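Down below is the structure, laid out as structure tokens.
Number of protein chains: 2
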Amino acid sequence: MRAAERNDPQESSPSTTARITALLTAFRPGDDALGVSELARRTGLPKTSTHRLVRHMLANGLLERDGEAVRLGLRLFEIGQLATRQRGLVDAARPHLADLREATHNTVHLAVLEGTEVVYLDVLRGPDAPRLPSRIGGRFPAHATGVGKAILAYSAANVLDTVLAAGLRPVSKKTITSPAVLRNQLARIRDSGIAYDREESGVGVVCAAGPLLDGAGRAVAAISISGWSNRMRTDRIAPAVRTAALTLSRTVTLR
Amino acid sequence: MRAAERNDPQESSPSTTARITALLTAFRPGDDALGVSELARRTGLPKTSTHRLVRHMLANGLLERDGEAVRLGLRLFEIGQLATRQRGLVDAARPHLADLREATHNTVHLAVLEGTEVVYLDVLRGPDAPRLPSRIGGRFPAHATGVGKAILAYSAANVLDTVLAAGLRPVSKKTITSPAVLRNQLARIRDSGIAYDREESGVGVVCAAGPLLDGAGRAVAAISISGWSNRMRTDRIAPAVRTAALTLSRTVTLR
DNA sequence: ACATGCGTGCCGCTGAGCGGAACGACCCGC
DNA sequence: GCGGGTCGTTCCGCTCAGCGGCACGCATGT
């Protein structure tokens with residue numbers, strides 16, 4: 001009767017690869033450096049095995065010593081940068097995102113979908129914007145964000161099925177929890193090309209998002225502008241988001 | 001007689017961990033997605049083993065499919081972000097770096113030392129700045145950069161020894177290649193608290209850098225401003241770099 | 001037709017990974 | 001001081017997962 005809150009990417013494969021992945025993903029945004037025992041507890045691995053793996057990972061720069069504890073190695077940062085650089089998305093989008101922020105003084109986002117959540121590839125914070133929980137490299141439920149809905153609207157049907165099957169977990173009072181309502185909104189997004197988030201991800205925060213489409217019309221990512229609900233008119237900034245998204249769609253596609 | 005340009009972090013340890021690391025570091029800035037055979041070639045691993053490891057890494061999200069080839073997984077990007085977030089450096093430095101860029105319209109850098117090279121944690125490009133080769137997550141020889149010299153000046157003696165032992169490889173015509181000259185400069189940097197780079201890393205580019213020091217007076221990182229040699233007076237912007245570096249030193253230290 | 005590259009599946013062997021047990025050091029509250 | 005807790009770390013015999021040579025099907029270009 002243990003809480004199945006284990007950190008196992010693949011329950012049924014105790015391969016070394018899975019163990020290493022488990023150790024890497026055992027680190028959470030809050031914590032700085034972790035000890036061997038703590039890592040063993042989080043991953044569910046025997047302490048001895050954890051110790052050995054940690055030693056190997058230290059030798060290879062995946063982890064670094066910090067006293068007796070260990071933390072994620074700088075090498076992982078370098079590799080992680082290449083992971084997005086390969087897609088070319090961040091580089092291509094950066095100047096457009098900067099323009100959007102400059103024009104609106106609000107926070108702009110670039111995100112992709114992974115599973116049922118969006119992962120933020122880039123976040124440019126604006127001076128007038130609320131302090132959002134979004135973090136570069138961070139995650140958020142797709143159905144509760146503007147970028148998420150923008151991507152879902154232009155994805156294959158089975159993608160939406162996966163999201164619905166996982167359950168529409170509410171993150172704010174106005175988060176969409178009804179599959180019917182979500183389907184309805186996605187259809188309207190397909191018509192207008194713009195997805196709105198009206199305090200669905202956070203109280204007092206609204207957002208307008210647009211999808212980046214590939215040649216086949218499938219979303220590969222999305223961009224958005226977020227601001228205070230009482231200070232930003234989403235319908236006023238929607239055209240800017242839409243044109244930026246369209247421009248980027250053309251730029252990114254020809255890779 | 002083959003160029004020993006293998007990608008092996010630990011020649012003498014064919015542990016699974018080392019193999020996985022080798023595969024991860026086989027990806028270079030230029031390439032997008034790689035095939036199994038190409039990976040096997042770069043890592044020196046048997047093709048079959050490469051194939052199996054790649055499959056495991058795919059299952060764990062370390063890699064992603066792209067047709068028949070594979071590329072670095074998004075999960076690695078997320079982990080990589082946590083790697084620096086743990087240090088808190090990027091978050092703490094970002095606003096100060098933004099201020100510096102705003103004030104000078106040039107490109108600002110945040111970097112740490114690893115081995116004999118600096119790794120860029122953050123790069124904010126300025127509108128008037130030259131197109132530098134520096135890349136977030138990228139590397140550069142420490143002795144040939146402002147940030148590198150700033151860190152070396154405030155590091156333990158054996159750190160400099162390592163750099164000298166590795167050889168002062170020239171990257172531009174004015175790169176310092178003489179140990180005596182480098183030692184001399186480092187002493188002057190310790191006096192003034194500012195490191196200059198006068199076209200040592202690239203033609204026509206100059207830079208002023210300042211170290212971020214911990215409580216013991218050891219450098220943990222460095223920041224810099226780079227610009228065209230004929231458009232930027234390094235001595236004019238040095239005070240701004242210095243004050244920002246000092247402020248950040250105080251902020252970062254109390255972690 | 002041939003040669004060469006690719007990704008992938010099969011399968012017997014073996015040594016690297018495995019983990020239980022134990023050790024020394026440290027920090028606590030009794 | 002002293003027992004119980006937790007920490008990181010080492011030892012060591014077992015065994016099974018990782019290993020890699022071999023081979024197949026399929027695109028290429030010659």
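From first to last, the protein sequence lines stand for chains A and B.
Residue 1 is where the first sequence starts when you use UniProt numbering, and the numbers rise one by one after that.
Residue 1 is where the second sequence starts when you use UniProt numbering, and the numbers rise one by one after that.
Ideal placement from N, C-alpha and C gives every residue a C-beta, glycine not left out.
Bear in mind the structure is a predicted one, so any value in this text is a computation, not a measurement.
If you run the structure through DSSP and keep just helix, strand and coil, what is V203/A? coil
Mind listing which residues of the region 32-56 of chain A have their C-beta closer than 8 Å to chain B's C-betas, in chain order? D32, A33, L53, H56
Distance cutoff 8 Å, beta carbons only. Does N184/B sit that close to anything in chain A? no
I'd like the ranges of any beta strand (DSSP E) spanning at least 3 consecutive residues and lying wholly in the region 150-226 of chain B. 195-198, 205-213
Return the first residue and the last residue of the beta strand (DSSP E) that R139/A is part of. 139-141
Between which two residues does the beta strand (DSSP E) harbouring T50/B extend? Unbroken run through T50/B is the alpha helix (DSSP H), 47-59; no beta strand (DSSP E).
Against chain A, with Cβ distances strictly below 8 Å, would G137/B count as a contact? yes
Whole-angstrom C-beta distance between L124/A and F27/B, which should lie under 8 Å: The pair is not a contact, with the Cβ atoms about 26 Å apart (cut-off 8 Å).
With DSSP collapsed to three states, give me the class of R71/A. strand
Please report the distance separating the alpha-carbon of V121/B from that of R242/A. The residue asked about is misnamed: residue 121/B is Leu in this sequence, not Val. Approximately 31 Å between the Cα atoms of the pair.
In this structure, how does DSSP classify L132/B when only helix, strand and coil are distinguished? coil
Verify whether the separation of the beta carbon atoms of T116/A and P141/A is less than 8 Å. yes
Do you know how far the Cα of V159/B is from the Cα of L213/A? 49 Å
In chain B, what lies closer than 7 Å to I20/A by C-beta? T17, I20
Under 7 Å from the C-beta of T84/B: neighbouring residues of chain A: F77
How many angstroms separate the CA atom of R236/A from the CA atom of A209/A? 13 Å
Are three or more beta carbon pairs between the region 199-209 of chain A and the region 85-103 of chain A nearer than 8 Å? no
Taking the CB atoms as reference points, tell me whether V54/B and L45/B lie closer together than 8 Å. no
G80/A at chain B interface by Cβ criterion, 8 Å: yes
Contacting residues, own chain, Cβ-Cβ under 6 Å from V220/A (five flanking each side not counted): L212, D214
Here's the rule: buried if 16 or more other CB atoms are within 10 angstroms of the residue's CB, otherwise exposed. What is E78/B? buried
Are any of the Cβ atoms in chain B nearer than 8 Å to that of F27/A? yes
Can you check whether the C-beta of residue 257/A is within less than 8 Å of a C-beta belonging to chain B? Since the first residue shown for chain A is 1 and the last is 255, residue 257/A is missing from the structure and cannot be characterised.
Jot down the residue ranges of each uninterrupted alpha helix (DSSP H) in the region 73-99 of chain B, minimum 4 residues, whole runs only, in chain order. 74-85
Which first and last residues belong to the alpha helix (DSSP H) in which T107/B is found? No alpha helix (DSSP H) holds T107/B; the beta strand (DSSP E) holding it covers 107-114.
Applying the criterion that 16 or more other CB atoms from any shown protein chain within 10 Å of the CB defines a buried residue, is S224/B buried or exposed? buried
Stretch pair the region 64-75 of chain B + the region 88-100 of chain B: three plus CB contacts closer than 8 Å: no
Taking the DSSP output, what are the residues bridged to R41/B? Bridge partners of R41/B: none, in fact.
In its own chain, which residues sit with a C-beta less than 8 Å from the C-beta of F133/B, not counting the 5 before and 5 after it? Residue identity differs from the one stated: residue 133/B is Pro in this sequence, not Phe. Closer than 8 Å at Cβ, skipping near neighbours: F140, G202.
By a C-beta neighbour count over all protein chains shown, 10 Å radius and 16 as the cutoff for buried, is G148/B buried or exposed? buried
Any idea which residues DSSP pairs D122/B with across the strands? L110/B
Give me, in chain order, the residues of the same chain whose beta-carbon lies closer than 8 Å to that of I136/B; leave out the 5 immediate sequence neighbours on both sides. Y120, L121, D122, V123
Within 8 Å of chain B by C-beta, residues of the region 91-123 of chain A in sequence order: V112, E114, V119, L121
Looking at chain A, which residues of the region 192-224 of chain B have a Cβ within less than 8 Å of any of its Cβ atoms? none
Counting only the same chain and skipping the five closest in sequence on each side, list residues whose C-beta sits under 8 Å from that of V206/B. Y196, D197, R198, E199, S226, G227, W228, S229, M232, T234
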